[in-house]
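Participant:
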Amino acid sequence: RTQRKAKKSGQLSGNRVEMLGEIGFVWDKYEAGWEENFQALMNYKKTEGNCLVPADFKTVEGISLGTWVTVQRVMKRKGKLSANRVETLDKIGFVWDPSESEWEGNFQVLVNFKNVEGDCLVPKRFKTVEGINIGSWVQSQRAEKKKGKLSADRVEKLDKIGFVWDPLGVEWEENFQAL
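With the sequence shown counted from 1, adding 6 to any position gets you the numbering used here.
(1) Report the residue from Arg160, Tyr50, Ser105 and Asn118 whose alpha carbon sits nearest the alpha carbon of Ile69.
(2) Could I get the ranges of all uninterrupted alpha helix (DSSP H) runs contained in the region 35–63, with 4 residues as the minimum, in chain order?
(3) Which word fits Leu174, buried or exposed, when buried means at least 16 other C-beta atoms lie within 10 angstroms of its C-beta?
(4) Going by alpha carbons, who is nearest to Lys82 out of Val128, Phe100 and Asp159?
(5) Do you know offhand how far Phe113's Cα is from Asp165's?
(6) Checking 8 angstroms against the spacing of the C-beta atoms, do Val176 and Val170 come in under that value?
(7) Can you name the start and end residues of the alpha helix (DSSP H) that Asn90 belongs to?
(8) Would you mind reading off the limits of the alpha helix (DSSP H) that contains Arg160?
(9) Going straight from the alpha carbon of Thr53 to that of Ala149, what length do you get?
(10) Just to confirm my understanding: we take Val75, look at its own chain, exclude 5 residues before and 5 after, and list those with CB closer than 6 angstroms. What are they?
(11) Would you say Ile167 and Val128 are within 8 angstroms of each other, going by their C-beta atoms?
(12) Using the beta-carbon count (16 or more within 10 Å), is Phe182 buried or exposed?
(13) Among the candidates Cys126, Lys152, Lys151 and Gly154, whose CA atom is the shortest distance from the CA of Gly141?
(14) If you run the structure through DSSP and keep just helix, strand and coil, what is Pro129?
(15) Counting C-beta neighbours from all protein chains within 10 Å, is the total for Ala46 16 or more, i.e. buried, or is it exposed?
(16) Helix, strand or coil for Thr76 per DSSP?
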């Protein structure tokens, strides 16, 4: 700490600064900590294929990576994360809003279902081979809209692909026509 203060105030000679640098002295412990966590995030991405770190995740080295990722999101939202760090995280595919990312992923699964089946009438308990319970997600979209909690953008996006808001009504209409 004394060496950091001395360097900052200009009281540490260039020779001593150089000597400390040669042995890997950390001049900015906060920057070093950020870099260490960023490297842990890069390792996580290599292993998991994404930056969606669970909030309670710790690395084998004991780094609370989930907490660090959450802090980065909060710092950005508050405007306290530097543009350079935002750009650095953006370059590796950092997810700033995991719930939005999850919704978009489920929406894409629904689009794929429609491409295969020809409609958006997903059975209630339908799961993909990857284990995504898209049937439950579809049900929750209907419930959210009914409660007025589904954004207009999401409603519009679902409408564009022919989402069925009232599957029982559709079934009734089809049966009536058949009758």
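Cβ atoms here follow ideal geometry from the backbone N, Cα and C, with glycine treated the same way.
Every value quoted in this text rests on a predicted model; they were computed, and no experiment measured them.
Facilitator: Reading off the structure:
(1) That would be Tyr50, whose Cα lies nearest to the Cα of Ile69.
(2) Contiguous alpha helix (DSSP H) elements confined to the region 35–63 occur at 35–54, taking only those with 4 or more residues.
(3) A residue is called buried once 16 or more other Cβ atoms fall within 10 Å of its Cβ, and Leu174, having fewer, is exposed.
(4) Out of Val128, Phe100 and Asp159, Phe100 has the C-alpha closest to the C-alpha of Lys82.
(5) For Phe113 and Asp165, the gap between their C-alpha atoms comes out near 12 angstroms.
(6) Yes. Within cutoff.
(7) For Asn90, the enclosing alpha helix (DSSP H) stretches over residues Ala89 to Lys97.
(8) Per DSSP, the unbroken alpha helix (DSSP H) holding Arg160 starts and ends at Ala158 to Lys166.
(9) Whole-angstrom Cα-Cα distance: 36 angstroms.
(10) Here the set comprises Val59.
(11) Not in contact: Ile167 and Val128 (Cβ atoms no closer than 8 angstroms).
(12) Exposed is the call here.
(13) Closest option to Gly141, Cα to Cα, is Cys126.
(14) Judged by DSSP in its simplified three-state form, Pro129 adopts coil rather than helix or strand.
(15) Ala46 is buried by the Cβ-count criterion.
(16) Per DSSP, reduced to three states, the secondary structure at Thr76 is helical.
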